[in-house]
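Down below is the structure, laid out as structure tokens.
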Amino acid sequence: MPRGAPLALCLPYNCNRPTSGPPMRSLPNPSPVEIQPVTVDDIPTLAALERVIFPTPWSEIAIRQHLAFGGHIRLAKLEQQIVGYFLERHVAGIGELMNLGVVPENRRQGVGRTLLEGLIVWWLAHDVGEGFLEVRVGNQAAMALYTEFGFTVVGQRKGYYDNPDGSKEDALVMRWLRDGGEEW
Numbered sequence: 001m002p003r004g005a006p007l008a009l010c011l012p013y014n015c016n017r018p019t020s021g022p023p024m025r026s027l028p029n030p031s032p033v034e035i036q037p038v039t040v041d042d043i044p045t046l047a048a049l050e051r052v053i054f055p056t057p058w059s060e061i062a063i064r065q066h067l068a069f070g071g072h073i074r075l076a077k078l079e080q081q082i083v084g085y086f087l088e089r090h091v092a093g094i095g096e097l098m099n100l101g102v103v104p105e106n107r108r109q110g111v112g113r114t115l116l117e118g119l120i121v122w123w124l125a126h127d128v129g130e131g132f133l134e135v136r137v138g139n140q141a142a143m144a145l146y147t148e149f150g151f152t153v154v155g156q157r158k159g160y161y162d163n164p165d166g167s168k169e170d171a172l173v174m175r176w177l178r179d180g181g182e183e184w
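In this note's numbering, the protein residues as written are 1 to 184.
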């Protein structure tokens, strides 16, 4: 699809990719989870959630630096409570999902899916044609979700993640293409 052309918004739960005809935009997922931009007041809560969700969390300072250097953060809220978030950055049409987290008690309730949909919509709106992420090789649930959204494994980084016990864990590098596999 050429740059500037109308976009088809085809997400896994609601769209069979058309083989011909005009681009189409599907209706959004009817989810009670709301995706909102982060505010400065949210950063301490976000840092606290990082410590609950991840074995090697981002600090409050790192989150502030991410924003200061052009990164973006979107929150998933359910009944005004932050239940998840993603951190991303993009430049020159290439995006990187830095982190996506869901609080443990809200996992397997569609929060991660809604966040990933929000990321893809964000990338489409900002002319991102290609996106990357790293995921722990042991995180099968995340890999399945990313695959459902069109991410494919393109590499592996040995010993990429530090674990609290001092051991290392490999990361799979996954890639998403705007047009579902066609080079941009």
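We treat Cβ as the ideally placed atom computed from N, Cα and C, and that holds for glycine. These figures come from a predicted structure and were not determined experimentally.
Roughly how far, in whole angstroms, is the beta-carbon of P53 from the beta-carbon of G101, given that I think they are within contact range, below 8 Å? The residue you asked about is not Pro; residue 53 is Ile in the sequence shown. Beta-carbon to beta-carbon, I53 and G101 are separated by about 4 Å, close enough to satisfy the 8 Å threshold.
Test item: CB-CB of Q36 and L75 under 9 Å: The answer is yes: Cβ separation under 9 Å.
What is the DSSP secondary structure of P2, reduced to helix, strand or coil? With a pLDDT of only 42 at P2, under the threshold of 50, the placement of this residue in the model should not be trusted, and no figure is reported.
So P37 is in the beta strand (DSSP E); what residue range does that whole segment cover? Per DSSP, P37 belongs to the beta strand (DSSP E) from E34 to P37.
What does the alpha-carbon distance come out to for the pair P57 and N99? Across the structure, P57 and N99 are spaced so that their CA atoms are roughly 10 Å apart.
What does the alpha-carbon distance come out to for the pair E88 and R175? Their Cα atoms are separated by approximately 14 Å.
If you drop the 5 nearest sequence neighbours on each side, which residues of the same chain put their C-beta closer than 7 Å to that of T152? Annotation for T152: M174 and R175 place their beta carbon closer than 7 Å to its own, counting only its chain and skipping 5 residues before and after.
Just tell me which of E130, V33 and V111 has its CA closest to the CA of R178. Minimum Cα distance to R178 is reached at E130.
Nearest by alpha-carbon distance to L67: which of L46, V33 and Q80 is it? Looking from the CA of L67, the closest CA among L46, V33 and Q80 belongs to L46.
Rounded straight-line distance, which links the Cα of L49 to that of T39: Going by the C-alpha atoms only, they are around 15 Å apart.
Check whether the Cβ atoms of V83 and V33 sit closer than 9 Å, and answer yes or no. At a Cβ-Cβ threshold of 9 Å, V83 and V33 count as neighbours.
Using CA coordinates, which residue listed in A141, V137 and V128 is at the minimum distance from R113? For R113, the nearest C-alpha among the options comes from A141.
Residues near A171 in its chain [Cβ-Cβ closer than 8 Å; skip 5 each side]: E134, V135, R136, V137, Q156, R157, Y160 and Y161, listed in sequence order.
Could you check whether L97 and F132 sit closer than 9 Å to each other, using their CB atoms as the reference points? Against a cut-off of 9 Å, the Cβ pair of L97 and F132 comes out as a contact.
Under DSSP, the beta strand (DSSP E) around W58 begins and ends at which residues? In the DSSP annotation of this structure, W58 is not part of any beta strand (DSSP E), being labelled neither H nor E.
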